[in-house]
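To keep things clear, I will list the structure first and then write my remarks on it.
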Amino acid sequence: MDEGRFPPGTLLAQRYRVVSLLGRGGMGEVYRANDLLLGQTVALKFLPAQLTSDEGTLVRFRNEVRIARQVSHPNVCRVYDIGQAEGSTYLSMEYVDGEDLASLLRRIGMLPRDKALEIARQLCAGLAAAHDKGVIHRDLKPGNIMLDGQGRLRITDFGLSGIAGEVKDIRSGTPGYMAPEQRAGNEVTARSDIYALGVVRSEEHTSELQSLRHL
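So the sequence shown is residues 89 to 303, counted in this note's numbering.
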């Protein structure tokens, strides 16, 4: 079994005891860990080893913490802090015991109507809280939407987020969920997130758009 860079039991920063590897992607690895200082479970997101010294990536990582901490809402994943361990940069955030919406849709297919409506309600609430603070997510998609065992939703991964009016790299994001004006490089606003929300809602009901999104 792949345990990642830090096997279970590893003590990081004299504070976090690794429990397991939760996932791995282009922007690094995420671990479940016990915070020994506060006595709670957290998620630790580490940059890939080869990007630890890349200043542009570090700026984006710090930006994720700075912006995500501006939004406090039950439907937005809380980000706590940023730090260094074993020569790698990490951020600590709320651990959500559940699965992302992309995995759920692959597992059960189309959601029941009442479940889809409840997810949509929570998603809109979390997104509205971000927009009220001037925060644009810019990468809203099923893989960045977590659901815990009680059905409570969290919007995660603010790595591409920005403050309205300050976004420079307009085309950053996942192409299949980007609004037409964003893909054209013209602008990115709260409406761009709302467009992505519409695509997510469509995917909750049918998988037919999977092929159309890449045309």
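No residue lacks a Cβ here, since even glycine has one placed at the ideal position from N, Cα and C.
Annotation for E152: F246 and G247 place their beta carbon closer than 6 Å to its own, counting only its chain and skipping 5 residues before and after. Counting C-beta atoms within 10 angstroms of its own C-beta, S176 has 16 or more neighbours from the protein chains shown and is therefore classed as buried. Non-local beta-carbon contacts of L125 in its own chain, meaning distances under 7 Å to residues more than five positions away in sequence, involve R103 in chain order. With a beta-carbon spacing of about 6 Å, L235 and L192 fall inside the 8 Å limit used to define contacts.
Within the stretch 157-207, the runs of alpha helix (DSSP H) at least 4 residues long that lie entirely inside it are, in chain order, 189-196.
Assigned with DSSP and collapsed to three states, T98 falls in coil, not helix or strand. Between the stretch 206-223 and the stretch 274-290 there are three or more inter-stretch CB-CB distances shorter than 8 Å, so the stretches are counted as touching.
For G237, the three-state secondary structure derived from DSSP is coil. If you check the CB distance, I243 and I233 come in under 8 Å. Secondary structure note for R226: it is in no beta strand (DSSP E), with a DSSP letter that is neither H nor E. For Q270, the enclosing alpha helix (DSSP H) begins and ends at P268 to R271.
Under the three-state reduction of DSSP output, V276 falls in the coil class, being neither helix nor strand. Put simply, the backbone Cα of V288 is about 36 Å away from that of A173.
Residue state for T145 is assigned as helix, using DSSP reduced to three classes. Apart from the 5 residues on each side of it in sequence, F134 sits with its Cβ closer than 6 Å to the Cβ of G116, E117, S176 and Y178 in its chain, given in chain order.
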